[in-house]
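Everything below concerns the one structure shown next.
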Amino acid sequence: MTRLTNVSEANSRSVLGVSTGATRRSAARLETTGARTGNVDALLQEAMEGYAASGTDASRALYLYRERTDKAIYLVEEETVVTFTMAPPPGRNMYTHANMPNGDYAIRAWMDPFEFAGPYENRANLAAPPSGDFDRVTVTVIGSMYDDR
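Under numbering that gives the first Met the number 0, think of the first position of the sequence shown as 0, with each following residue one higher.
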């Protein structure tokens, strides 16, 4: 069985399309304080020194050190829908190779698992990227491209 991966062209014709839909963005100001007492947002506690959430609570316990800020810090969320389309151009023949035997062949479109790139390790609210089979079709091969001349 021949396995083709990362196919974007077949017979010099594009078969893979990638388009992005609407992007939804939101921003919310996180609670911060420069004072010794006051609330600090749980997300900031994961990033700043001196908090149990960041694993650096010993800095506060041993050295009485805890990071604080009175600057405005925002949580920005963005969601974009990406659509992958795999199909030959309408009304166009797609060829395999000249000596491919007649018969039915299963073709499938799939995506291997992957991870999103980015500097942040906390991805608890990030949906897992889709993977696995998306589509299966059966293609019938009769003759070869030389028969179309």
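Just so you know, even glycine gets a beta-carbon here, dropped at the ideal spot from N, CA and C.
Span separating the alpha-carbon of Met0 from that of Ser18: Only weak support exists for where Met0 lies, its pLDDT of 40 falling under 50; the value from the coordinates is given anyway. One alpha carbon belongs to Met0, the other to Ser18, and they sit about 31 angstroms apart.
What is the residue span of the beta strand (DSSP E) that Ser53 lies within? Ser53 -> no beta strand (DSSP E), and no H or E assigned at all.
Out of Thr139, Ala97, Ala26, point me to the one whose CA is closest to Ile106's CA. In terms of CA proximity to Ile106, Thr139 leads the group Thr139, Ala97, Ala26.
Would you list the one or two residues that DSSP bridges to Glu78? Answer by DSSP bridge pairing, in chain order: Arg23.
Ser53 to Glu77, Cα distance in whole Å? Here the alpha carbons of Glu77 and Ser53 stand approximately 24 angstroms from one another.
Which of the three DSSP states, helix, strand or coil, is assigned to Met144? Met144: helix per DSSP, three-state reduction.
For the alpha helix (DSSP H) that contains Ala108, what are its first and last residues? No alpha helix (DSSP H) holds Ala108; the beta strand (DSSP E) holding it covers 102 to 110.
Assuming Arg59 contacts Gly49 (C-beta within less than 8 angstroms), just tell me the rounded distance between them. Contact between Arg59 and Gly49 holds: their C-beta atoms lie close to 4 angstroms from each other, under 8 angstroms.
Of the residues Ala57, Val81, Tyr73, which one's Cα is nearest the Cα of Glu66? Comparing Cα positions, the closest option is Ala57.
When burial is assigned at 16 or more other CB atoms within 10 Å of the CB, is Met47 buried or exposed? The residue is buried, with at least 16 neighbouring Cβ atoms inside 10 Å.
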